[in-house]
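Each remark here refers to the structure printed beneath this line.
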Amino acid sequence: MTQHVVVIGLDCAAPDLVFQQFRSGLPTLSRFMERGVWGEMESTIPPITVPAWMCMMTGRDPGELGVYGFRNRRDHSYDGLTFASSRMIDAPALWDILGAGGLQTITLGTPLTYPVRPIEGLMVSGFLAPDTQSNFTWPPSLRDEILGVAPDYALDVRDFRTNDKDRLLSDVIAMTRSRFRVGRHLLEHHPWNLFVMVEIGLDRMHHGFWRFHDPEHRAFEPGNALQHAIRDYYRLLDGEIRELIDGLPSDTLVLVVSDHGAKRLEGGLCFNDWLIAEDYLVLKSAPVCPTRFDPELVDWSRTRAWGDGGYYGRLFLNIAGREPAGIVPPEDVEALKNELTAKLERLTDEHGAPLGSQVFQPHATYRTVKGVAPDLIVYFGDLSWRSIGSVGNRSIWTHDNDTGPDDANHAQQGIFMMAERGALLEQRSGTTTTQPERKDISIYDVAPTVLAALGVAAPAGVGRHAVAQSDGGASAYTAEEEAELARRLSDLGYL
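When the letters of the sequence shown are read in order and numbered with numbering that gives the first Met the number 0, they come out as residues 0 to 494.
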């Protein structure tokens, strides 16, 4: 048991890059591999920022939280979408569990913590807060302290799906340096037992710069000026992590984790256009050019299924008695799911090569299912292909992203590294030995591990092997908050 645990979250950190390609230039992270526990960490299904970080912090899966992505169906209407927020999370997070026992938490930048709420300690919202002029901290007075330490503090970079790569790189570096500066300040000047920080910059780097780094990317140009931008950013992170570790108490257990990994984006599968071609989705009239999907375009009296775009595909069935104009008899639902699954798993690329897509049924994937889950979850090309939700495309295959330039998609495996602060900093002579890689680590192991380290029993339902206990409801943003968040997420290329 220890008195202090630090969790450093690197959104989208890729195991292959940390453990192999860049390892020689990452002395701090290499020490975790030499002196601690490390390995790939299985992410959530689906492996996306929202809900993965909050699944990690609660030990609950997306079905238990009722959060399946940035946008979720509020009800079974065709246009009832709402954005994920902290108000949807009714399962206790680590800071709630620890706070009940009088322990203090500082959380900095963890996604799905906005709107902020009171905790025993300090909370600085993740990137879904509007800006640093909003109430993005608990207590509210913490806002002025943060801006005093880092006047340029940024919750996220603006418009990361852009062709202005020099500006993007500069913004990511500035954001990361200010986040770690604030993290070191909070650790030094406030009491804490658990410190959790999440840096979003690595995700933005992968989406913005993967083509410059990966020789196998279709747009790679040898010798390009940005070829080492991702590598150099990992090195910057390594140095910032070392500086943060240097100032920690001697009894601190340190974890470095990612919510998911990253991989080369090969292309996009136009999900709704495929459903149209297969006669599952019928429009009132055919668009003459690529058009954002809108329920008003659909002839619901002849539509059995429709899809949503994003890093993964979400498929919904138009079920009689559930949707307003549902036509699929409830007794035919399972057969239709099986039919769609078989067809989706047989999909090929434009050259006829199998994509190797995967299809998941939420009720068979999660311990329970809250809210309105997709009827099917689809990984096109094992996440090497993005789901394109627009209609009216010339082909079901595309190499252009409908939400802006994007070079990478998320991968199922993230990273897990854990070691005592003393072991990380002690000097050793002679040849170092890499510890064996663990092969069995799950994102749902993080919360029980943190609690055990602090001597706190994990409540029932926390962790992979527990039985779900919660079945509460979810609340949404106000209309004003929803409109503002829609605008910002559209600007960032999520919508």
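Here a beta-carbon is modelled for each residue, glycine too, at the ideal position from N, C-alpha and C.
As the structure is a computational prediction, the values presented were derived from the model and not from experiment.
Buried or exposed: residue i, going by 16 or more other Cβ atoms within 10 Å of its Cβ?
i, result
"Pro-45", "buried"
"Ser-249", "exposed"
"Asp-78", "exposed"
"Thr-433", "exposed"
"Asn-408", "buried"
"Gln-19", "exposed"
"Pro-139", "exposed"
"Val-287", "exposed"
"Gln-132", "exposed"
"Ser-76", "exposed"
"Gly-454", "exposed"
"Val-8", "It is worth fixing the name first, because residue 8 is Gly in this sequence and not Val. Under this definition Gly-8 is a buried residue."
"Asp-143", "exposed"
"Asp-470", "In this prediction, Asp-470 scores a pLDDT of 32, lower than 50, which makes its location untrustworthy; the coordinate-derived value is nonetheless stated afterwards. The residue in question, Asp-470, is exposed, as its Cβ has fewer than 16 Cβ neighbours within 10 Å."
If we ignore side chains and look at the alpha-carbon of each, how far apart do residue i and residue j end up?
i, j, result
"Leu-375", "Pro-323", "20 Å"
"Ala-467", "Tyr-443", "The predicted model places Ala-467 with a pLDDT of 23, which falls under 50 and marks its position as unreliable, so this point remains unresolved."
"Gly-421", "Val-461", "29 Å"
"Asp-74", "Val-297", "18 Å"
"Ser-389", "Leu-236", "37 Å"
"Arg-166", "Gly-24", "25 Å"
"Thr-5", "Ala-128", "Reading off the sequence shown, one finds Val at residue 5, where the question assumed Thr. Cα-Cα distance, rounded: 23 Å."
"Gly-125", "Asp-381", "28 Å"
"Val-115", "Pro-458", "23 Å"
"Met-40", "Ala-276", "38 Å"
"Gly-355", "Gly-98", "45 Å"
"Leu-168", "Glu-419", "33 Å"
"Leu-424", "Gly-120", "27 Å"
"Lys-336", "Pro-435", "41 Å"
"Ala-372", "Leu-80", "12 Å"
"Cys-11", "Ile-229", "12 Å"
"Phe-69", "His-189", "32 Å"
"Asp-272", "Asp-399", "15 Å"
"Leu-280", "Leu-274", "5 Å"
"Thr-43", "Gly-312", "15 Å"
"Pro-329", "Thr-347", "30 Å"
"Arg-291", "Ala-173", "34 Å"
"Glu-260", "Leu-243", "Here residue 260 is Gly; the residue named in the question, Glu, does not match the sequence. Whole-angstrom Cα-Cα distance: 23 Å."
"Gly-320", "Asp-331", "13 Å"
"Ile-440", "Thr-161", "35 Å"
"Gly-38", "Gly-413", "9 Å"
Quick one, which of the options has its alpha-carbon nearest residue i's?
i, options, result
"Phe-179", "Ala-153, Ile-395 and His-75", "Ala-153"
"Ile-387", "Glu-63, Val-358 and Leu-314", "Leu-314"
"Ala-446", "Thr-1, Met-55, Cys-11 and Ala-12", "Met-55"
"Gly-325", "Leu-343, Tyr-378, Arg-301 and Pro-373", "Arg-301"
"Leu-339", "Gln-132, Pro-328, Glu-330 and Gln-357", "Gln-357"
"Leu-93", "Asp-155, Pro-14, Val-195 and Asp-258", "Val-195"
"Arg-500", "Ile-275, Gln-426 and Arg-234", "There is no way to answer for residue 500, as the model of the chain reaches only from 0 to 494."
"Pro-289", "Ile-118, Tyr-279, Phe-270 and Asp-278", "Phe-270"
"His-227", "Pro-214, Thr-1 and Asp-405", "Pro-214"
"Pro-404", "Val-156, Thr-1, Asp-163 and Leu-111", "Asp-163"
"Lys-369", "Leu-16, Arg-160, Val-66 and Thr-48", "Val-66"
"Phe-359", "His-212, Pro-150 and Gly-62", "Gly-62"
"Met-417", "Thr-431, Thr-448 and Arg-72", "Thr-448"
"Ile-96", "Asn-192, Val-123 and Arg-217", "Asn-192"
"Val-36", "Arg-437, Pro-117, Val-181 and Gly-182", "Arg-437"
"Phe-135", "Ser-84, Ile-414, Gly-100 and Asp-158", "Ser-84"
"Arg-203", "Asp-245, Arg-183, Asp-231 and Phe-159", "Phe-159"
"Gly-101", "Val-377, Ile-118 and Tyr-113", "Ile-118"
"Val-197", "Asp-155, Phe-82 and Trp-137", "Asp-155"
"Gln-426", "Trp-384, Pro-14 and Pro-26", "Pro-26"
Any C-beta of chain B sitting closer than 8 Å to the C-beta of residue i?
i, result
"Gly-309", "Note that chain B does not occur in the displayed structure, where there is just one protein chain."
Practice problem: For the region 363-370 and the region 28-40, state whether three or more C-beta atom pairs, one from each stretch, are separated by less than 8 Å. | Solution: no
Quiz item: Okay, do the region 210-224 and the region 383-396 touch, 3+ Cβ pairs below 8 Å being the bar?
Solution: no
Quiz item: Touching or not, the region 305-324 and the region 85-102, by the rule of three or more beta carbon pairs under 8 Å?
Solution: no
Quiz prompt | Any alpha helix (DSSP H) of 4 or more consecutive residues that is wholly inside the region 389-473 | solution = 420-424 and 445-452
Quiz item: Within the chosen definition, does the region 96-112 reach the region 200-209 through at least 3 CB pairs nearer than 8 Å?
Solution: no
Self-check item: Start-end ranges of the beta strand (DSSP E) lying completely within the region 47-80, minimum 3 residues
Solution: 70-72
Practice problem: Please determine if the region 241-257 and the region 333-352 are in contact, where contact requires at least 3 C-beta pairs separated by less than 8 Å. | Solution: no
Self-check item: Complete beta strand (DSSP E) runs within the region 271-342 (minimum length 3 residues, chain order)
Solution: 304-307 and 312-316
Quiz item: Three or more C-beta pairs closer than 8 Å, one from the region 54-70 and one from the region 265-284: is that the case here?
Solution: no
Self-check item: Whole alpha helix (DSSP H) elements within the region 232-271, 4-residue minimum
Solution: none
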